[in-house]
Structure formats: structure tokens, C-alpha cells
Amino acid sequence: MLPTSAIAALREKFPLIAELMALQPLSWFNPRIAPAAEALGDVGLTAGDVAQASARLARFAPYLARAFPETQASGGVIESPVVPLPAMQAALGMTSGQLWLKQDSHLPISGSIKARGGIYEVLKHAEMLALDAGLLREGDDYSLLASEAVRAFFGQYAIAVGSTGNLGLSIGIMSARLGFRATVHMSADARQWKKDKLRAHGVTVVEYATDYSVAVEAGRKQAQGDPSCHFVDDENSHDLFLGYAVAGERLKAQLAAAGVTVDAQHPLFVYLPCGVGGGPGGVAFGLKLAFGDAVHCVFVEPTHSPCMLLGVHTGLHEQISVQDIGIDNITAADGLAVGRPSGFVGRAMQRLIDGYATVSDEELYRLLALLEQTQQLCLEPSAVAGFAGIAPVLAAPRYQASLDGATHLVWGTGGSMVPEQEMAAYVARGRALLAAGAA
Ligand SMILES: *Cc1c(COP(=O)(O)O)cnc(C)c1O
Numbered sequence: 028m029l030p031t032s033a034i035a036a037l038r039e040k041f042p043l044i045a046e047l048m049a050l051q052p053l054s055w056f057n058p059r060i061a062p063a064a065e066a067l068g069d070v071g072l073t074a075g076d077v078a079q080a081s082a083r084l085a086r087f088a089p090y091l092a093r094a095f096p097e098t099q100a101s102g103g104v105i106e107s108p109v110v111p112l113p114a115m116q117a118a119l120g121m122t123s124g125q126l127w128l129k130q131d132s133h134l135p136i137s138g139s140i141k142a143r144g145g146i147y148e149v150l151k152h153a154e155m156l157a158l159d160a161g162l163l164r165e166g167d168d169y170s171l172l173a174s175e176a177v178r179a180f181f182g183q184y185a186i187a188v189g190s191t192g193n194l195g196l197s198i199g200i201m202s203a204r205l206g207f208r209a210t211v212h213m214s215a216d217a218r219q220w221k222k223d224k225l226r227a228h229g230v231t232v233v234e235y236a237t238d239y240s241v242a243v244e245a246g247r248k249q250a251q252g253d254p255s256c257h258f259v260d261d262e263n264s265h266d267l268f269l270g271y272a273v274a275g276e277r278l279k280a281q282l283a284a285a286g287v288t289v290d291a292q293h294p295l296f297v298y299l300p301c302g303v304g305g306g307p308g309g310v311a312f313g314l315k316l317a318f319g320d321a322v323h324c325v326f327v328e329p330t331h332s333p334c335m336l337l338g339v340h341t342g343l344h345e346q347i348s349v350q351d352i353g354i355d356n357i358t359a360a361d362g363l364a365v366g367r368p369s370g371f372v373g374r375a376m377q378r379l380i381d382g383y384a385t386v387s388d389e390e391l392y393r394l395l396a397l398l399e400q401t402q403q404l405c406l407e408p409s410a411v412a413g414f415a416g417i418a419p420v421l422a423a424p425r426y427q428a429s430l431d432g433a434t435h436l437v438w439g440t441g442g443s444m445v446p447e448q449e450m451a452a453y454v455a456r457g458r459a460l461l462a463a464g465a466a
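Going by the numbering used here, the first residue of the sequence shown is number 28, and it counts up by one from there.
This is the structure we're talking about:
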């Protein structure tokens, strides 16, 4: 906790803090944005690192196709569709550019963006162990990892993670399928169905009555006492980040195949929901590598959990939490209920992210219902946050010259695994709010 005197000084120096404290939706465009060629050097990871991650995922594709039949159609590649949203675009009153959705909500295995980074980190760890033990050699067909003998070998090892839900699903399901002993430390805001699903996969779920940071800390401590346990560190992991970053080259190929041009005259705006920052940060890194200065990334956070905006804006990163300025970190967007940002991501990406916006829970429900109504697509509340970044971009003086040729891509980060009844309740809530707004 920062002392009260320090908070008073910060409020004096950064007027935006008072606005954040008022919980009103707002946006902030980054004055320190720098050319990709220059700022990519801040990250400490390179295009070569992303290429290695991509190659590793390709090596694992035969295994994934065998272990998860739902990935057979894509040859064991975990990827999501990108689709245009003409009806949603009209409903939002967007008269320039084209609106698209990246459907990470429909990624196989765990139904959220965490199927990128989370699964990648588990696979990398498994590969290292199997290579060291001589159970796997370079050039082997990795589907041999699905054998009972290899599963028994992985059973000597444990994997643990702290999570608000979706990261736990990815790490837990992937680890358990490989044969690891998996433990997920879950914060109070995690949904019951996510805990149930994990237990059904044979994962140990430890529940905490507190928020995400505490669950992570407890998980980290438990893993430290066990040398056979690998702790997936959502706040600092380079492997998670690289797993997410592979999305950049994949999206580039998808947009090219769809005939969408991205260049200086046709900029690509990408709107990413942000929790601790690893997912959107890693994806944004991959996008900057793939599209350079033609892509503009905007992070969106709940008004009650604006941790990355607060950390980057003040330059204090993980040294400050939203609780320090009296914000409760309570939001319906469970994937985004994070009070303290990743310092690694904040520092790595602080000159590469164009802007930040915040969104209220009520607006999330409205957006969710509007998307269902116009496009018959169902996303979870966290996953529609990106839509709230569009209006601030359309109004920002710095982009006016290039908006006609722009593509606006909302990263839809989760939702396909939400139980039907729960989704119906989300939609009903949003419809009621839309109706109340229209009246
Ligand atoms: C985790 C998550 C995010 C944000 O990712 P972070 O790495 O926590 O920033 C966004 N949307 C959904 C649905 C998520 O589960």
C-alpha cells in the first residue's frame, strides 16, 4: 500500500487520478507513443523469440490434434476466426471504416484468449521435461506425448497458477491432459462453473475469499516449496507473453486472406480488454511486429479495475494498485478484475500502446446484448470491453486523417464456454439496460 501522503502528491501531479476515482468512463491517449522500430527495443524480447514460439506450437500440432479432437480440423493449430460485424457497426453508428471481431471467444480447448499464452507455456515446460528425460527427441512426431507412459512421467511433476478463471481453465485443462498434477488458485470472483469444469478435468482448485493478486501470491508460495512444481506467473512470464504474441502473424495472414489492406493509409485499430496485461500486451507485441506503425493498439479496462492505465500513466507500474486510490476492483468482467498490473508488460509496452479507455459494467452488458442482437454472437462481459475503445479513437484528433480507410478490430477474448443459462442471463441483463436507455 502506498502511504496517504504519496497518494495526495500523485493526485496533485496527475489530474487523471481524480477522474479514475470518480469511476466515470474515460480515455487517455499516450503522449509517449513511439515508432515501432524504436520502441520494440524496450520489450527485451524479439521477433526471433516469437518465431521460436510459433515453431514450438507447430511441433506440438500433431499432439494437440490427437489429444483434443476439436483441433483436428485445423491440424492441431489453436486459432480463432476473424469476422466482419456490419450489423454491429451500423448499430454503433460507425460511419467510417470497417468493424471486425477476432473471435478468441471460440478458441478451442479453453474458449478464451488464455488458450494462446497459457497453453503455450504448459507445452514449452512439457517439451523441456520430455527432452531432458530422453522421452522425446528433436524431429519426433509429438503425438507420442499422448502415450500412457509419457503421461505417467508427467505425473511426477506439478503445475500451479493463480487465476480469476480463464487462465486457470487453460493451464488446468492442458496440464491435466498431459498428465501433470495441476492446481489452480482461484480468486473470489471466479465463476462456479469454471471451478466445476476444472474439477471435472481432474484439476485441484483452491479457493480464496480475496482478489486475484492474493490468489497468485498463495499459488507462488505453494509452488516455491515444491521443486517438482512449475508456477505459471501471470504477472511476469515471458513464455505466456510469447504465446500470445504469435497471434500477430496469424492475424496478418487472416486479414490478407480476407482482402483487408493494412498500411499507413489503411490503419488497423485493435481494441483489447486488459486485466493484468499479459494477454493484450503479448498480442499487441505480436501485432507491432507484424504491422509496425500501421497498427494502433488500445487497451480497455473496467472503471473499477483500471490497473494498467493507472500504472502506465503514473509510471509506477506494479508499485501502485487501484485499491491504493480507493477503487474497489469489483466488476462483472471477471477476466479483468485485476487491481495491480504486470510491471513487466507495463514497462515493455509503454511506448507501443496508443491509448487506454475504461468502461462501466452496465455498458459491458449493453454491448454484449447488442452484439447478440445484431450478429447473434455471444461473448462474456470481459470479452466485449474492446468495443468501448472505438468511440474515443473516432473522436481523437490524432487519427482524423486516416479514419476513412481504417479497420477497427475488436479482440473478443472469451465466452464460448459460458453455460447457456448464464449467457442467457447476461443477455437479458443487457437487453433490459438497452431498453431502459432507449426509453
Ligand atoms: C484474461 C482475460 C483478459 C485479459 O488478459 P490479461 O492477460 O489478464 O490482461 C481479457 N479477456 C478475457 C475474457 C480474459 O479471460
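For glycine and all other residues, C-beta sits at the position ideal for the given N, C-alpha and C.
Residue i vs residue j beta-carbon contact at 8 Å
i	j	result
alanine 321	aspartate 290	yes
lysine 315	leucine 72	no
glycine 229	phenylalanine 268	no
glycine 120	leucine 194	no
leucine 461	methionine 115	no
arginine 367	serine 240	yes
alanine 384	valine 325	yes
glycine 75	tyrosine 90	no
glycine 246	alanine 274	no
alanine 187	alanine 250	yes
valine 327	alanine 459	no
serine 214	threonine 231	no
alanine 227	phenylalanine 181	no
alanine 433	serine 123	yes
tryptophan 438	glycine 464	no
alanine 285	valine 109	yes
phenylalanine 41	threonine 341	yes
alanine 396	valine 339	no
leucine 336	isoleucine 347	no
serine 429	glutamine 292	yes
Whole-Å CB distance - residue i paired with residue j, under 8 Å assumed
i	j	result
serine 409	glycine 138	Actually they are not in contact, since the Cβ atoms of serine 409 and glycine 138 sit about 12 Å apart, beyond 8 Å.
phenylalanine 95	tyrosine 169	Incorrect: roughly 13 Å between the Cβ atoms, too far for contact.
leucine 112	leucine 134	With 8 Å as the limit, leucine 112 and leucine 134 do not qualify as a contact, their Cβ atoms being about 18 Å apart.
alanine 185	arginine 208	4 Å
leucine 299	serine 132	With 8 Å as the limit, leucine 299 and serine 132 do not qualify as a contact, their Cβ atoms being about 13 Å apart.
histidine 323	aspartate 381	4 Å
arginine 83	leucine 172	About 13 Å separates the two Cβ atoms, so there is no contact after all.
proline 329	valine 386	6 Å
alanine 242	serine 190	7 Å
glycine 308	methionine 376	5 Å
glutamate 148	valine 70	Glutamate 148 to valine 70, Cβ: 18 Å. No contact.
cysteine 334	valine 297	Actually they are not in contact, since the Cβ atoms of cysteine 334 and valine 297 sit about 20 Å apart, beyond 8 Å.
glycine 441	isoleucine 140	6 Å
glutamine 130	serine 101	Not really, about 13 Å apart at Cβ, beyond 8 Å.
alanine 317	alanine 80	So it is not a contact: roughly 14 Å between Cβ atoms.
histidine 257	valine 233	About 16 Å; that fails the 8 Å criterion.
alanine 33	glycine 319	About 38 Å separates the two Cβ atoms, so there is no contact after all.
Which residues DSSP lists as bridging residue i, in chain order
i	result
proline 78	In the sequence as presented, proline is not what sits at residue 78; that position holds alanine. None, per the DSSP bridge assignment.
threonine 434	Gln125 and Leu295
isoleucine 506	Absent from the model: residue 506. The displayed extent of the chain is 28 to 466, so no value can be given.
proline 300	Val327
glycine 457	DSSP, once it has assigned bridges, lists no residue as partnering glycine 457.
glycine 439	Gln130
Heavy atom of ligand 2 within 7 Å of residue i beta-carbon
i	result
lysine 129	Absent from the structure shown: ligand 2. Ligands present: ligand 1.
Contiguous beta strand (DSSP E) assignments of at least 3 residues, all confined to the stretch 194 to 280 | 208 to 213, 231 to 234 and 256 to 259
Whole alpha helix (DSSP H) elements within the stretch 317 to 396, 4-residue minimum | 334 to 341 and 370 to 376
Which parts of the stretch 42 to 105 are runs of the alpha helix (DSSP H), unbroken and 4 residues or longer, counting only runs that do not cross its ends?
-> 43 to 48, 63 to 66 and 74 to 94
Give a yes or no on contact between the stretch 155 to 162 and the stretch 176 to 191, applying the rule of three or more CB pairs nearer than 8 Å.
-> yes
Of all the alpha helix (DSSP H) runs that stay within the bounds of the stretch 105 to 180, which reach a length of 4 or more residues?
-> 113 to 118 and 141 to 159
Decide if the stretch 275 to 286 is in contact with the stretch 409 to 429; the criterion is three or more beta carbon pairs, one per stretch, under 8 Å apart.
-> no
Would you say the stretch 345 to 361 touches the stretch 53 to 68, given that touching needs at least three Cβ pairs under 8 Å?
-> no
Is the number of C-beta pairs between the stretch 388 to 397 and the stretch 211 to 228 that are closer than 8 Å three or more?
-> no
The stretch 346 to 355 contacting the stretch 38 to 53, beta-carbon criterion three pairs below 8 Å | yes
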